[in-house]
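Visitor: My structure is below; once you've seen it, I'll send some questions.
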Amino acid sequence: MTATTEPDATLNGATGQNADVERVLTDLAARLDTDAETNVGFPATLALDYGRLLPFFNRFINNLGDPFAESAYPRHTKHLEREVLGWFAALLRAPAGWWGVTTAGGTEGIEYGLVHARTRYPDALVIHSAAAHYSAAKVSRHLNLPAIAVRANRRGELDFADLRDVIRAHRHRPLIIVATIGTTMTEAVDQVSDIRAALADHAVTRAWVHADAALSGLPLAVLPPGSRPSFDLADGADSISISAHKFLGLPFPAGVYLTSHGPGGSSTVDYIATVDSTLAGSRNGHAPLLIWYAINTVGLDGLRARAHESWRVAAYTVQRLQGIGWNAWRHPHAMTVVLDTPPADIATRWRLASSNGQSHIITVPGVTTAQIDKLVTQLAGRMPQRHAGNTGEWPVLPTPRNPAYHDAEGNHRH
Ligand SMILES: *Cc1c(COP(=O)(O)O)cnc(C)c1O
Numbered sequence: 067m068t069a070t071t072e073p074d075a076t077l078n079g080a081t082g083q084n085a086d087v088e089r090v091l092t093d094l095a096a097r098l099d100t101d102a103e104t105n106v107g108f109p110a111t112l113a114l115d116y117g118r119l120l121p122f123f124n125r126f127i128n129n130l131g132d133p134f135a136e137s138a139y140p141r142h143t144k145h146l147e148r149e150v151l152g153w154f155a156a157l158l159r160a161p162a163g164w165w166g167v168t169t170a171g172g173t174e175g176i177e178y179g180l181v182h183a184r185t186r187y188p189d190a191l192v193i194h195s196a197a198a199h200y201s202a203a204k205v206s207r208h209l210n211l212p213a214i215a216v217r218a219n220r221r222g223e224l225d226f227a228d229l230r231d232v233i234r235a236h237r238h239r240p241l242i243i244v245a246t247i248g249t250t251m252t253e254a255v256d257q258v259s260d261i262r263a264a265l266a267d268h269a270v271t272r273a274w275v276h277a278d279a280a281l282s283g284l285p286l287a288v289l290p291p292g293s294r295p296s297f298d299l300a301d302g303a304d305s306i307s308i309s310a311h312k313f314l315g316l317p318f319p320a321g322v323y324l325t326s327h328g329p330g331g332s333s334t335v336d337y338i339a340t341v342d343s344t345l346a347g348s349r350n351g352h353a354p355l356l357i358w359y360a361i362n363t364v365g366l367d368g369l370r371a372r373a374h375e376s377w378r379v380a381a382y383t384v385q386r387l388q389g390i391g392w393n394a395w396r397h398p399h400a401m402t403v404v405l406d407t408p409p410a411d412i413a414t415r416w417r418l419a420s421s422n423g424q425s426h427i428i429t430v431p432g433v434t435t436a437q438i439d440k441l442v443t444q445l446a447g448r449m450p451q452r453h454a455g456n457t458g459e460w461p462v463l464p465t466p467r468n469p470a471y472h473d474a475e476g477n478h479r480h
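Adding 66 to a residue's 1-based position in the sequence shown gives its number in this note's numbering.
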């Protein structure tokens with residue numbers, strides 16, 4: 067079950083009685099830093115230093131409205147946001163007429179995709195993998211779009227036979243297919259070209275494919291298109307979303323959304339003199355500043371080197387774990403290593419998200435082979451957690467709901 071805290075209404079701060087601000091902040095910093103050495107279960111890298119931008123956090127920034135429309139509000143970073151979007155558009159091979167926006171994170175990116183898809187096809191059915199992030203089902207629910215989960219196989223990959231059955235059964239209506247480019251548990255990739263082929267085989271022309279590439283979109287995008295899975299706008303995705311706080315390591319949630327089809331459903335709101343194409347009105351202007359800074363200081367070559375280092379550490383992790391007889395595997399081009407869930411003390415210490423006897427380590431930039439060596443040393447001679455469903459592989463997910471997904475302490479992962 068989800069651990070929750072009861073809302074507690076107090077006026078401490080407002081009455082000036084909470085004089086312990088310094089202690090609270092010191093404690094907070096200590097808590098945020100304690101697990102830096104052992105946090106290898108979550109996909110957020112800490113390996114980028116944004117300290118140069120600290121002065122901008124004493125300045126108000128608001129990228130109100132459309133990134134491509136000059137706003138009546140002068141304190142913005144829209145010129146940098148447009149550079150960021152153009153950079154991603156080039157990497158993801160956006161066609162002329164593309165549109166994009168920086169988002170509050172992966173979920174808002176999926177919401178943009180489904181809002182745009184629904185604008186084009188109001189009576190569409192959403193289809194996503196059972197291994198998709200739970201936000202695909204959640205956003206569909208919020209938008210009142212019916213949704214069907216297609217089976218995922220034992221490695222978290224979309225079951226294309228099942229997808230074809232679902233497409234055949236619903237070919238009379240428009241379809242919105244959410245392809246997951248790097249599933250949360252195993253980093254499986256639902257190849258967009260295969261989805262397009264399944265649609266074409268059933269003569270479905272009213273279809274929108276959204277690529278949810280929150281984790282893997284950026285590390286895969288820095289590979290040449292010929293040697294990466296099929297997922298970008300030239301591969302047949304109509305829209306794509308990528309998180310900026312995972313591989314790129316922004317210190318707060320943010321993301322990028324792109325679509326081939328323009329800003330969809332816009333109308334002009336006169337008093338702010340801007341095009342109303344965005345979900346939010348006021349938007350974070352610091353996020354595009356940080357993304358712009360990262361891609362301009364690390365650069366394409368630097369990001370590519372980071373991706374290759376992450377994959378190298380992931381391969382090393384599999385090899386070390388298998389070397390002590392611990393069941394472990396990974397998809398090619400995945401920095402996610404799936405392993406039998408370690409004993410509770412180790413799973414908790416290393417922040418390993420676990421489900422059905424399987425856990426994962428995510429070797430984002432900054433995770434080192436020295437950390438992996440330490441973890442492997444602690445695992446040697448121990449036994450995996452026993453679990454009724456532990457088959458040594460990611461279990462089949464037969465139900466139409468996303469699997470409940472827990473961290474090592476039993477909390478739902480957000
Ligand atoms: C992290 C993630 C999301 C959700 O992104 P948030 O930024 O947490 O909203 C969605 N899909 C996938 C595949 C993810 O890895």
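Ideal Cβ placement from N, Cα and C applies to all residues, glycine included.
DSSP three-state call for Y200: helix, strand or coil?
Guide: Y200: helix per DSSP, three-state reduction.
Visitor: If we cut at 7 Å on Cβ distances, does A277 have a partner in chain B?
Guide: Reference to chain B is not applicable here, since this structure consists of a single protein chain.
Visitor: Just to confirm before moving on: does the CB-CB distance between D301 and V258 stay below 7 Å?
Guide: For D301 and V258, yes; Cβs fall inside 7 Å.
Visitor: Identify every run of the beta strand (DSSP E) within the stretch 186 to 255, keeping only runs that are complete inside it and at least 3 residues long; order them along the chain.
Guide: If we require 3 residues or more, the beta strand (DSSP E) runs fully inside the stretch 186 to 255 come out as 191 to 195, 213 to 216, 241 to 246.
Visitor: Could you tell me whether the stretch 155 to 163 touches the stretch 194 to 213, using the rule of 3 or more Cβ pairs below 8 Å?
Guide: Cβ pair count under 8 Å is below three, so no.
Visitor: Counting C-beta neighbours from all protein chains within 10 Å, is the total for F318 16 or more, i.e. buried, or is it exposed?
Guide: By the 10 Å Cβ count, F318 comes out exposed.
Visitor: Using a Cβ-Cβ cutoff of less than 8 Å, which residues in the same chain neighbour E417 once the five nearest sequence positions on both sides are dropped?
Guide: First, the amino acid is wrong: residue 417 is Arg here, not Glu. So the qualifying residues of the chain are D101, T104, N105, V106, G107, F108, D473, A474.
Visitor: Give the single residue among A413, P431, R141 whose Cα lies nearest to the Cα of N129.
Guide: Nearest option by C-alpha distance: R141.
Visitor: Could you name the residues of the same chain whose beta carbon sits closer than 6 Å to that of T250, not counting the 5 residues immediately before and after it, in chain order?
Guide: Cβ within range, chain order: H199.
Visitor: For S425, which option in D406, T434, R272 has the closest C-alpha, if you only look at C-alpha atoms?
Guide: The residue with the shortest Cα to Cα distance from S425 is D406.
Visitor: Considering only residues of the same chain and omitting the five flanking positions on each side of G222, which have a CB-CB separation below 7 Å?
Guide: So the list reads A197, T249, M251, T252, A254, W460, once near-sequence residues are dropped.
Visitor: Within a Cβ cutoff of 6 Å, which residues of the same chain sit near L299, ignoring the five residues on either side of it in sequence?
Guide: Hits under 6 Å: L158, R159, A160, S326.
Visitor: Does the separation of the CB atoms of V244 and H194 fall below 7 Å?
Guide: Contact: yes.
Visitor: Would you be able to state if there are at least three C-beta pairs under 8 Å between the stretch 166 to 179 and the stretch 275 to 289?
Guide: These segments touch.
Visitor: Quick one: grab the DSSP three-state call for S259.
Guide: It is helical.
Visitor: Does the Cβ of T185 have 16 or more other Cβ atoms within 10 Å, making it buried, or fewer, making it exposed?
Guide: T185 should be labelled exposed.
Visitor: CB of D278 to nearest heavy atom of ligand 1: below 6 Å?
Guide: Yes.
Visitor: Taking DSSP as the reference, what is the three-state secondary structure of S376?
Guide: It is helical.
Visitor: In the DSSP output, what is V364 paired with across the bridge?
Guide: Answer is none; V364 lacks a bridge partner.
Visitor: Between the alpha carbons of F126 and L146, how many angstroms are there, rounded?
Guide: Distance between the alpha carbons of F126 and L146: 16 Å.
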